Every structure is written in structure tokens, then in C-alpha cells.
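One structure is given below, encoded as C-alpha cells.
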Amino acid sequence: MKKIQVYNILSWFGILSFFAILFASCEKDPNFREFNYPELTVNDFSPAAGRPGYQITINGTNFGDVKKAVTVYFNGVAATQEDIISVTDKQIVVTVPKTATSGKISVKVWQFTKEVAGNFTFIPGGEIINISPGFGLEGSLVTILGKNFGTIASDIRVTFGGVNAEVISATDAKIEVKVPVGGLTGTIKVYIGLQEIEGIYFLVGEEKITGTIIGTPGSWSNNPATTIAAAFDGNIATFVDGAVASGYLGFDLGAAGKAKLNRMRYYPRTGNAARMNGARVYGTNDPDKIGTTNGDLLYTITTAPAYDWNEAAINSTTSYRYLYLYFATGNLNVSELEFYGVKDN
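Here the working numbering is used: the first residue of the sequence shown is 3, the next is one more, and so on.
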């Protein structure tokens, strides 16, 4: 009996020692810290109204400086972390999200949530419905149709390839601008206050070149959705998948439709961009050279393109009836292919 009692005492002593060491190690471990967050207060915000992209400043106390701990709600719609511009202990600057609605603004910091006095008025963002024409010379008039543009011309800015254009007139549904001197082929962008709206790819001094589709017929597994027509359907979700590794696709502009090629835009097949590396652009006026490497070489893709619209400057000095992209390998894997230039008069 005495031995059993001694063993029991030793066992209890060991258990107590284990927990004493455990607690001591926890107290010394710098990774185990206890935080007491102060409750925040919110005083006001400004401005009281805004479009998507506008910056709203919220004043208060105990916001801290940890951006990830802060969430701002516009009538219950949470702004993203990307929308939160800055956080200091007394001020939060946040961008109005596109999905915001009119109503109360509330702020959450750690476990505390406070509603700001007053209502925020959400002004719906502008939207582009149509831009016409899609190409033009410097000084030509371009009409942008849409909604929620507002009516104050001075609040509206339009750029052509990054160059500011002159706004001639503005209503809530229509903006008229002139193609600026020095304007560049590229995306038209409309700025309404701090909101940026992306429009079409506009051609300054050139136009999109189209014609009768020519190229290697058929497709892998005879899939009708992946023939060469898929490269010219305006849909980046569709793609060409040729029946054989080599081939070509492009346009016959017609007997009276020759053009000088200025640029090519293309979007690779998702997951297979490397298959476009080495593809070459050719132009020819000889029907016997169509689809071969015997035409005039105008451009070679030398790297795997990005999964986005890629642009190649070409600027040929010769006008061609036949323009095509040739693949030595790669099964013609491209989602979209566009040619731009100047047609002969």
C-alpha cells in the first residue's frame, strides 16, 4: 500500500509539473498575445453623394491603421479591400463601389460596427451602349450613346488612346466629341468625375479590315464550333482548333479591296497561348501563294502572348488583297484575330 501511495503522489506531481511548464511556456511565447480593441466612434462623412469611383472620407476615432480590419458598407453593400484607399486612426478614405445604393454608411473595425449619421446618395454610374463610328480621322465627330452621363460637359472627359478629346456636347444619354489631333488608335475611355468607363477600340486614321474568310478547313474531331470562323466571331470564349498542326486563316479583301496593314490584334486560346509562338503574318496579291510561306512576311509572334488582347504594329507599305496568319504548328489555336489598316481608294 505504501508503494502505491508513493506512485500516486509522483504521478500527480508529474501532471502538475507538466501543466506548470505548459502555462509558463505560453506566457513567454510571443505569438500568444491578448488584444483589447477600443470601441470606435464615427462622426461624419463627405461628400454626401457620389458616383462609382468617387472617394468618400469618413471621420471618427479608434479606426486603427490595419486596413484589412476595416469594412465599409454603403446601405449594406460592402466595399472591397481594393475600394478602401487609406485608414488612419481618425479617418477612412473609401471609393464608392459600383454596386452601392443610397442609404446609410456603416463602418466595421474588428468586432465593432457603427453607423454614420446622415444618408449617402448614390448616383448611378455612367454606362456606354454604343459608339459610332468605330474609326475616323482627326477632327471627325464621334457619338457616344449611353446613360447616366450627367449634363455638365466640364465633368466629362473622353480620351482616344490616352489623348484628351474635345467634348462638343453632353446630355445624360449622349456625348459628342471630336477625334483629337494626335489621337491614337486604342480604347476610348469616358471619365465622369472620378468614374472611368471603357469603350470600344477606336481606329484613328485607319479602319478594321475584313473580307471573305479564307483558311485551312475543318477542325479537330470535326467540331463545327472550332473551325476558322471562330477567330472572327467577336467572342473571346470561342477558339479555333485545327484538324492538323499547320495551317492558316485570314481574309480575301476582294479584287477592289486591297489595303495596307497597320496592325494586328489577337487573343490566344485560353490555356494554349504558347501555340501562337512562331505564328507569322503574310500578305500577298498572288492567289497561288495564299496560305504558304511564299507571301510577303509582315510580322512574327516571337513569344507566347498574354491571355488578353495583344497588339502587333506592322505598318506595311504595300497594299494586299490577301492577308493571313500562318501556323507551322499549334493547330491554329487562336480565339480572336483582327486586322487594321488603310484601304486603297
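Positions of the beta carbon are idealized from the N, C-alpha and C atoms, including for glycine. No experiment lies behind these values; they were computed from the predicted model shown.
Could you round the C-beta distance between N335 and N279 to whole angstroms and report it? I think they count as a contact, below 8 Å.
Taking the sequence shown and counting its residues from 1, the one referred to as residue 335 is at position 333. Taking the sequence shown and counting its residues from 1, the one referred to as residue 279 is at position 277. Distance from N335 to N279 at the Cβ level is roughly 11 Å; contact not present, criterion being Cβ atoms closer than 8 Å.
Three-way DSSP call (helix, strand, coil) for S337 in this model:
Counting from 1 along the sequence shown, the entry for residue 337 is found at position 335. Strand at S337.
Terminal residues of the continuous beta strand (DSSP E) containing F162?
The residue given as residue 162 occupies position 160 in the sequence shown. 158-162 is the span of the beta strand (DSSP E), which, as asked, contains F162.
Terminal residues of the continuous beta strand (DSSP E) containing S88?
What you label residue 88 is simply residue 86 of the sequence shown in a count that begins at 1. Element bounds for S88: 86-90.
Measuring CB to CB, does F234 end up less than 7 Å from R271?
As a working note, residue 234 is residue 232 in the sequence shown. As a working note, residue 271 is residue 269 in the sequence shown. No, these two residues do not count as a Cβ contact at 7 Å.
Can the beta-carbon of I130 be found less than 7 Å from the beta-carbon of G148?
As a position in the sequence shown, residue 130 is number 128, starting the count at 1. As a position in the sequence shown, residue 148 is number 146, starting the count at 1. Contact: yes.
Output the distance between the C-alpha atoms of F341 and G66, rounded to the nearest integer angstrom.
Along the sequence shown, read from residue 1 onward, the residue named residue 341 stands at position 339. Along the sequence shown, read from residue 1 onward, the residue named residue 66 stands at position 64. Going by the C-alpha atoms only, they are around 54 Å apart.
Which residues in the same chain have their Cβ closer than 6 Å to the Cβ of F114, if we skip the five residues on either side of it in sequence?
Taking the first residue of the sequence shown as 1, we reach residue 114 at position 112. Once the five neighbours on either side are set aside, the close Cβ partners of F114 are E41, L42.
Could you tell me the distance, in whole angstroms, from the CA atom of F1 to the CA atom of I94?
What the structure shows of the chain is the stretch from 3 to 347, and residue 1 is not part of that stretch, so it cannot be assessed.
Among T212, P226, I211, G201, which has the Cα closest to the Cα of I133?
In the sequence shown, counting from the first residue as 1, residue 133 sits at position 131. Nearest option by C-alpha distance: G201.
Given a threshold of 16 other Cβ atoms within 10 Å of its Cβ, counted over all protein chains shown, does K100 qualify as buried or as exposed?
Taking the first residue of the sequence shown as position 1, residue 100 is located at position 98. K100 is exposed by the Cβ-count criterion.
Would the segment 207-214 count as touching the segment 246-261 if we require 3 or more Cβ pairs under 8 Å?
yes
For the beta strand (DSSP E) holding V109, just list the boundary residues, first then last.
To locate residue 109, count along the sequence shown from 1; it is residue 107. Its beta strand (DSSP E) spans residues 107-111.
Beta-carbon gap between V98 and Y56 smaller than 7 Å
The residue labelled residue 98 in the question sits at position 96 within the sequence shown. The residue labelled residue 56 in the question sits at position 54 within the sequence shown. Yes, the Cβ-Cβ distance between V98 and Y56 is below 7 Å.
Are the CB atoms of G163 and T187 within a distance shorter than 7 Å?
For the purposes of this step, residue 187 is taken as residue 185 along the sequence shown, with counting starting at 1. For the purposes of this step, residue 163 is taken as residue 161 along the sequence shown, with counting starting at 1. Their beta carbons are under 7 Å apart, which means T187 touches G163 by this criterion.
If you compare alpha carbons, which of E84, A71, N77, A281 is closest to T103?
Indexing the sequence shown from 1 puts residue 103 at position 101. Minimum Cα distance to T103 is reached at N77.
In the structure shown, what three-state DSSP assignment does I125 receive?
Position 123 of the sequence shown, counted from the start, is the residue given in the question as residue 125. If DSSP states are grouped into helix, strand and coil, I125 belongs with coil.
Distance, Cα to Cα, Q197 vs E338?
As a working note, residue 197 is residue 195 in the sequence shown. As a working note, residue 338 is residue 336 in the sequence shown. Straight-line Cα distance between these residues: approximately 29 Å.
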